[in-house]
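First up is the structure itself, then whatever we jot down about it.
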Amino acid sequence: MAEKRTIQLTINGRQHSGQVEPRRTLADFLRQDLDLTGTHLGCEHGVCGACTILLDGAAVRSCLVLAVQANGRRVETVEGLADPKGKLHPIQTAFHKHHALQCGFCTPGFLMSIVELLNTRPDIEDEDEIRTALAGNLCRCTGYSGIV
């Protein structure tokens with residue numbers, strides 16, 4: 012068994028630490044060690060986008076990031092989008108209003124990708140550009156029309 016390493020990171024504005032094997036993914040650390048199960052695991056190869064989180068503000072596939080690589084960094088998951096009183100993030104509200112989800116499995120990844128997109132390009136309006144930005148998130152239920 013590999014020697015465990017201590018990691019410390021900020022997740023959704025709160026400090027967390029843990030002991031992890033160097034090969035443990037950030038997705039597994041979030042889901043299994045911290046019970047932040049909103050980050051879904053689909054393909055576990057970085058293709059589907061269901062595990063997308065923000066790492067220092069950038070959208071990344073948490074199934075491809077080792078937990079030790081997140082040491083000292085800032086992580087945002089879907090659980091951190093709503094405010095502390097439970098008021099939904101505007102993107103979550105828009106998803107609900109426009110029926111942009113069905114089974115919901117892909118939703119956390121889409122939400123985090125859209126948050127990053129709007130943080131970096133708040134004035135984006137072109138549908139083709141939005142579709143291109145979301146091309147790394149797969150959904151088998153909606154046909155993407157409600158999402159875009």
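Just add 11 to wherever you are in the sequence shown, counting from 1, and you've got the working numbering.
Every residue, glycine too, gets a C-beta built ideally from N, C-alpha and C.
Inter-residue CB distance, residue i and residue j (contact presumed, cutoff 8 Å)
i: Cys74; j: Glu55; result: 5 Å
i: Asn148; j: Thr63; result: 7 Å
i: Gly49; j: Thr104; result: Not a contact, Cβ separation roughly 17 Å.
Residue i and residue j closer than 9 Å at C-beta
i: Phe121; j: Gly68; result: no
i: Leu20; j: Ala81; result: yes
i: Gly29; j: Asp44; result: yes
i: Ile125; j: Ile102; result: yes
i: His51; j: Pro119; result: yes
i: Ala78; j: Phe40; result: yes
i: Val76; j: Leu112; result: no
i: Cys117; j: Arg151; result: yes
Best match in the options for proximity to residue i [C-alpha to C-alpha]
i: His107; options: Val159, Arg84, Glu136, Lys15; result: Val159
i: Leu129; options: Asn23, Ala78, Leu65, Arg85; result: Leu65
i: Ser14; options: Ala146, Gly24, His27, Pro33; result: A small correction: the amino acid at residue 14 is Glu; Ser does not occupy that position in the sequence shown. The option with the nearest alpha carbon to Glu14 is Pro33.
i: Met123; options: Asp139, Leu145, His109; result: Leu145
i: Leu173; options: Ile22, Arg132, Gly83; result: Nothing can be reported for residue 173, as the shown portion of the chain is limited to 12 through 159.
Opening and closing residue of the beta strand (DSSP E) in which residue i lies
i: Gln26; result: 25-31
i: Glu87; result: 85-87
Residue i: first and last residue of the uninterrupted alpha helix (DSSP H) it sits in
i: Leu122; result: 118-131
i: Arg142; result: 138-144
i: Gln19; result: Segment 16-22 is the beta strand (DSSP E) holding Gln19; no alpha helix (DSSP H) there.
i: Pro101; result: 101-108
(request) Counting only runs of 3+ residues fully inside the segment 59-83, write out the beta strand (DSSP E) ranges in chain order. (result) Runs found: 63-66, 69-72.
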